[in-house]
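Notes follow the structure.
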Amino acid sequence: DITEIDSNLKYFAYNGITLNIEERSQLELALLKIENESLHDEILFWGKINGTIKDYFLALGINFNGETGFASKTFYWCSSNNWNFASLPSICKKTSEVLSEFNGLFTGEHDKILKETGSEDSKNNYVFENNTLVVSSKGKNITELDRLAYVTNEIERQCHLVPEGSVKFTPLHEVRRNEAFSGLAKEEASDLGKYQHFRKVEFKEKIEKMSRDDSVFKHDFLDCINCDPIKGSWTLQLDTSGSVANIRNLLWPGFYSYHKIGTTLYGNFYYGDGRKNHDLPFML
46 DITEIDSNLK YFAYNGITLN IEERSQLELA LLKIENESLH DEILFWGKIN GTIKDYFLAL
106 GINFNGETGF ASKTFYWCSS NNWNFASLPS ICKKTSEVLS EFNGLFTGEH DKILKETGSE
166 DSKNNYVFEN NTLVVSSKGK NITELDRLAY VTNEIERQCH LVPEGSVKFT PLHEVRRNEA
226 FSGLAKEEAS DLGKYQHFRK VEFKEKIEKM SRDDSVFKHD FLDCINCDPI KGSWTLQLDT
286 SGSVANIRNL LWPGFYSYHK IGTTLYGNFY YGDGRKNHDL PFML
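Just add 45 to the spot in the sequence shown (first one is 1) and you have our numbering.
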């Protein structure tokens with residue numbers, strides 16, 4: 046929650062994550078501006094990607110109402126030298142394939158050209174994908190802002206998680222926060238199998254259950270992180286008090302999640318350089 050940045054960040058301090066006073070104050074003002082000017086059901090502070098020259102800060106807008114299958118998500122970004130959030134561009138599949146080849150450090154210069162198309166046409170080109178107008182790589186130089194959008198969406202899809210039972214699937218086929226959720230017990234909170242991806246289901250078994258309406262009001266209707274293709278890509282530890290479960294993703298170092306046992310408090314945060322650990326399958 047953008048109004049509780051300070052109180053939520055303390056749960057990530059276990060992993061050495063913090064923001065300075067200027068960053069916190071500037072973010073609160075900038076995020077409140079998004080909240081006042083947008084029609085999102087929720088605005089979340091998503092994370093920080095460190096650059097060699099400047100840093101990127103990211104926010105996530107979520108809409109539940111009227112969204113069939115899963116909530117819609119909109120990302121916003123700003124730079125550490127300009128605290129004005131703007132929406133991230135959508136990236137087409139072809140551009141994503143090109144961007145997946147980049148894994149170096151970000152500079153923080155959003156207009157830095159990563160790949161020139163060789164086209165003399167400087168205008169943006171667009172294509173329709175899933176009834177959405179997205180930027181095409183054809184005739185448009187690929188910039189670091191495009192890579193920022195690609196990396197942010199990949200981390201979100203592979204990492205954003207919620208405790209089992211914290212969201213529900215309604216008879217209208219809408220995903221909503223579950224107001225009846227009271228938190229996981231200590232034994233459950235210590236089990237990676239009790240955490241799920243906060244995304245549209247991708248695993249075949251879950252898709253089939255959802256199509257048969259078997260997922261309505263079931264706590265386990267989302268994809269479980271324990272069933273991810275790369276086994277061992279998640280770690281879970283309790284803090285020194287034994288009251289907070291801390292979860293890290295090893296495929297995207299810098300992604301952290303927490304759940305305060307027996308309460309409704311949980312959250313996700315990314316704080317890193319935006320690089321994927323492609324060597325992880327060979328390290329486990």
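Cβ atoms here follow ideal geometry from the backbone N, Cα and C, with glycine treated the same way.
Asked: is_contact[ALA230, chain B] using C-beta, thresh 7 Å; Found: This model lacks chain B altogether, as it is built from one protein chain only.
Asked: Residue environment, ASP191, which counts as buried when at least 16 other CB atoms sit within 10 Å; Found: buried
Asked: Three-state secondary structure (DSSP) of PRO326; Found: helix
Asked: Buried versus exposed call for GLU209 [16 or more other C-beta atoms within 10 Å across all chains shown]; Found: buried
Asked: Alpha carbon of SER167 to alpha carbon of ILE187, nearest angstrom; Found: Any reading at SER167 is ruled out, since the residue's pLDDT is 46, under 50, leaving its predicted position unreliable.
Asked: CB-CB length for ILE292 against LEU281, believed under 8 Å; Found: 5 Å
Asked: Local conformation of THR285 per DSSP, three classes; Found: coil
Asked: Neighbourhood of SER141 by C-beta, 7 Å cutoff - its chain only, sequence neighbours within 5 removed; Found: TYR195
Asked: Run of the alpha helix (DSSP H) containing ARG222, from where it starts to where it stops; Found: It is not in any alpha helix (DSSP H) - ARG222 instead sits in the beta strand (DSSP E) that spans 220-222.
Asked: Beta-bridge partners of GLU87, as assigned by DSSP; Found: ILE107
Asked: Cβ distance (whole Å) where THR97 is taken to contact LEU150 below 8 Å; Found: 5 Å
Asked: Extent of the continuous beta strand (DSSP E) run through LEU206; Found: 206-208
Asked: Residue range of the alpha helix (DSSP H) that includes VAL246; Found: Taken as a continuous stretch (DSSP letters only), VAL246 belongs to no alpha helix (DSSP H), as it is neither H nor E.
Asked: Per-residue DSSP class, three states only, for ARG257; Found: coil
Asked: Boundaries (first-last residue) of the alpha helix (DSSP H) holding SER141; Found: 138-144
Asked: Range covered by the beta strand (DSSP E) that runs through ALA131; Found: 127-132
Asked: Pair within 7 Å by beta-carbon distance, TYR316 and LYS118; Found: no
Asked: Inter-residue CB distance, LEU206 and ASN313 (contact presumed, cutoff 8 Å); Found: 7 Å
Asked: CB contact flag (ILE200, TRP122, <7 Å); Found: no
Asked: Cβ-Cβ distance between ASP268 and GLU247 below 7 Å; Found: yes
Asked: According to DSSP, residues forming a beta bridge with ALA290; Found: LEU283, HIS304
Asked: Endpoints, the alpha helix (DSSP H) within which LEU296 is located; Found: It is not in any alpha helix (DSSP H) - LEU296 carries neither H nor E in the DSSP assignment.
Asked: Inter-residue Cα distance where the pair is ASP276 and PHE327; Found: Before going on, a small fix: residue 276 reads as Lys here, not Asp. So the two alpha carbons sit approximately 11 Å from each other.
Asked: For GLU219 and TYR311, the rounded distance between their alpha carbons; Found: 21 Å
Asked: Residues near PRO216 in its chain [Cβ-Cβ closer than 7 Å; skip 5 each side]; Found: VAL261
Asked: Local conformation of LYS118 per DSSP, three classes; Found: strand
Asked: Nearest to SER278 (by Cα), restricted to the options SER288, ASP258, PHE300, GLY287; Found: PHE300
Asked: Rounded Cβ spacing between ALA104 and LEU76 (contact assumed at less than 8 Å); Found: 6 Å
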